[in-house]
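Residue numbers (the numbering used here), protein chains in the order written: chain Y, 53 to 342; chain E, 53 to 342.
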């Protein structure tokens with residue numbers, strides 16, 4: 053685990069409105085409460101989720117709509133990509149504010165953010181935490197510990213917003229990483245979207261053939277490899293639609309390699325090369341987390 | 053976790069020779085020492101591994117070759133598939149014994165076992181434990197706890213050998229499961245071999261494109277999905293070569309599904325169906341381990 057970034061003693065924002073208290077939004081709320089108890093945390097969600105979040109102390113104020121409270125200086129949109137895009141033009145503020153999001157793709161959202169009122173500054177965001185199951189019930193304050201949180205500021209238009217957001221996500225234990233929306237979407241197609249689709253396709257393929265009884269004879273390997281297979285469809289439908297070009301190229305790469313391997317199962321060399329490459333990159337991957 | 057099978061108080065074998073003290077062979081040794089301290093455990097491996105295994109108490113006797121000790125009533129071949137096939141005709145016994153193995157494919161090994169001397173009874177075996185890294189250093193007594201251990205007895209020719217082996221692997225905490233070699237290889241192509249090749253291909257594809265720096269921006273999903281990517285090439289080269297027909301069909305299935313998904317990224321329905329299928333089978337998979 054890389055050494056954590058220094059956590060600022062004072063909160064970089066006074067009052068946050070979190071729109072969507074699912075796994076990510078709920079974990080942001082819990083984490084802020086732990087790091088900066090003085091920071092005000094308001095939530096927008098269904099009445100049932102708001103009651104749960106208020107009851108557990110994750111938020112201290114339930115907000116009925118996007119008519120943000122007068123003291124808010126940050127809005128975090130924690131919803132699937134299409135909902136974020138639909139929410140953006142509806143955000144009304146009583147004062148200048150910073151708006152960010154946690155959507156898994158960034159190009160479409162950053163484009164849509166141009167429709168925001170002029171007194172709102174938008175910086176795209178994407179925390180790479182994630183858990184096996186979604187929803188506020190699975191939220192936890194350490195969800196982002198040691199994980200990257202990508203920010204995509206829009207040059208001079210973002211002012212000091214990216215700096216303040218970096219301080220915020222450092223406080224949540226994450227590693228802030230600055231990227232352009234293009235670079236984000238291309239990289240995520242490989243390191244996030246391809247693993248998700250591969251895990252889902254593997255689980256569906258194995259389940260459809262082996263059936264429930266056959267799955268009982270599986271080892272820990274299938275279990276680990278398909279941990280992502282219970283990810284929520286609504287989140288990923290939007291990711292696929294808004295990053296289809298980049299994900300398509302990543303899928304092409306994987307399909308080409310699997311096709312090579314299929315043709316070379318009887319010959320040792322292709323399998324040897326596959327395992328050597330995989331072990332080398334796995335070693336690199338572990339360096340980033342150990 | 054299913055309730056464990058009853059563990060026999062007396063060891064079902066008096067004295068075992070384990071050929072190959074890697075992750076699996078070493079874990080069998082450690083597990084036997086824990087459950088049945090009176091059972092004799094001999095090992096065959098390189099001098100360095102034997103010294104390590106003797107020093108840690110995993111075995112109580114180092115054997116120089118396959119000239120098995122006079123008291124042995126069980127030989128366990130814990131090596132990659134091709135080595136098992138080469139070892140089989142070389143096993144010499146001073147008395148009738150049972151021979152089993154832990155190879156990841158069964159048809160080729162069971163065929164080769166017909167070359168064993170007449171006083172040796174062979175029953176194929178395959179424990180679905182497995183760990184991220186191989187070698188005696190990673191062996192542990194609970195490697196098989198709650199995991200399936202498939203046995204492929206050869207009808208009446210196996211006599212009571214399968215019953216005694218079932219008692220042994222139950223004692224190691226595993227769930228003995230009887231199957232034909234054909235059924236084993238077809239099922240494993242899906243629940244074990246396909247996940248391994250998919251994890252390796254995913255890691256190689258992502259690493260080759262994202263590079264070491266890009267991997268730093270990955271989330272926990274890639275980490276889990278590629279846990280198998282450091283598996284040893286020698287083990288898997290043999291598995292691929294000896295189960296190429298069944299693995300080829302499994303790869304065809306996965307490639308076809310990935311190709312469908314690639315064509316349907318922009319349309320919600322294909323992605324929705326993929327995630328619904330995957331979540332359903334993931335739920336079934338978890339029933340077997342929770």
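Even glycine gets a Cβ: it sits at the ideal position worked out from N, Cα and C.
In this structure, E/290 is the residue among E/311, E/312 and E/290 with its C-alpha nearest to the C-alpha of residue 320 of chain Y.
For the stretch 54-94 of chain Y, the continuous alpha helix (DSSP H) assignments of 4+ residues that do not extend past its boundaries occur at 75-87, in sequence order. Within the model, the alpha-carbon separation for residue 192 of chain E versus residue 281 of chain Y is close to 29 Å.
Cβ-Cβ distances below 6 Å link residue 195 of chain E to 79 and 181 in the same chain, with the five nearest sequence neighbours on each side left out; the list follows chain order.
Just so you know, the alpha carbons of residue 172 of chain Y and residue 150 of chain Y end up roughly 6 Å apart. With a 10 Å radius around the Cβ and a threshold of 16 neighbouring Cβ atoms, residue 153 of chain E comes out buried. In the DSSP assignment, residue 190 of chain Y falls outside any alpha helix (DSSP H) and carries neither an H nor an E. Annotation for residue 149 of chain Y: the continuous beta strand (DSSP E) segment containing it runs 149-153. Annotation for residue 327 of chain E: the continuous alpha helix (DSSP H) segment containing it runs 320-339. The DSSP assignment places 126-129 as complete runs of the beta strand (DSSP E) inside the stretch 104-143 of chain E, in order along the chain (cut-off: 3 residues). The stretch 207-217 of chain E makes no contact with the stretch 259-275 of chain E: fewer than 3 CB pairs, one atom from each, lie closer than 8 Å. Looking at the DSSP output, residue 230 of chain Y sits in a beta bridge with Y/203. Contact between residue 233 of chain Y and residue 177 of chain Y does not hold, since their C-beta atoms are separated by about 11 Å, which reaches or exceeds 8 Å. A straight-line Cα-Cα distance of about 19 Å links residue 163 of chain Y and residue 287 of chain Y.
Note on residue 230 of chain E: under 16 other CB atoms within 10 angstroms of its CB, so exposed under the neighbour-count rule.
A direct Cα-Cα distance of roughly 27 Å separates residue 238 of chain E from residue 187 of chain E. Ranked by Cα distance from residue 305 of chain E, the options E/227, E/247 and E/98 are led by E/247. Excluding its 5 nearest sequence neighbours in each direction, residue 96 of chain Y has C-beta neighbours in its own chain below 6 Å: 71 and 115, listed in chain order. Rounded to whole angstroms, the gap between the alpha carbons of residue 118 of chain Y and residue 197 of chain Y is 29 Å. Cβ-Cβ distances below 6 Å link residue 216 of chain Y to 64 in the same chain, with the five nearest sequence neighbours on each side left out; the list follows chain order. Closer than 9 Å at the C-beta level to chain E, one finds these residues of the stretch 190-204 of chain Y: 199, 200 and 202.
Residue 136 of chain E is a Cβ neighbour of residue 129 of chain E, given a cutoff of 8 Å.
Annotation: residue 259 of chain Y to residue 206 of chain Y spans about 44 Å, alpha carbon to alpha carbon. At a beta-carbon threshold of 7 Å, the residues of chain Y lying near residue 252 of chain E are 326, 327 and 330, ordered along the chain. For residue 177 of chain Y, the secondary structure class from DSSP, reduced to helix, strand or coil, is strand. At a cut-off of 8 Å between beta-carbon atoms, residue 79 of chain Y makes no contact with chain E. Residues 71, 118, 129 and 131 of the same chain have their beta carbon placed closer than 8 Å to that of residue 139 of chain E, with the five preceding and five following residues left out of the count. If you check the CB distance, residue 69 of chain Y and residue 120 of chain Y come in under 8 Å. Ranking Y/124, Y/223, Y/277 and Y/111 by CA distance to the CA of residue 337 of chain E puts Y/277 first. Residue 112 of chain Y sits close to residue 92 of chain Y, with the two beta carbons spaced by under 8 Å.
Bridge partners of residue 172 of chain Y according to DSSP: Y/149. Under the DSSP definition of a beta bridge, residue 243 of chain Y lacks any partner.
Between residue 285 of chain Y and residue 313 of chain E, the gap from beta carbon to beta carbon reaches 8 Å or more.
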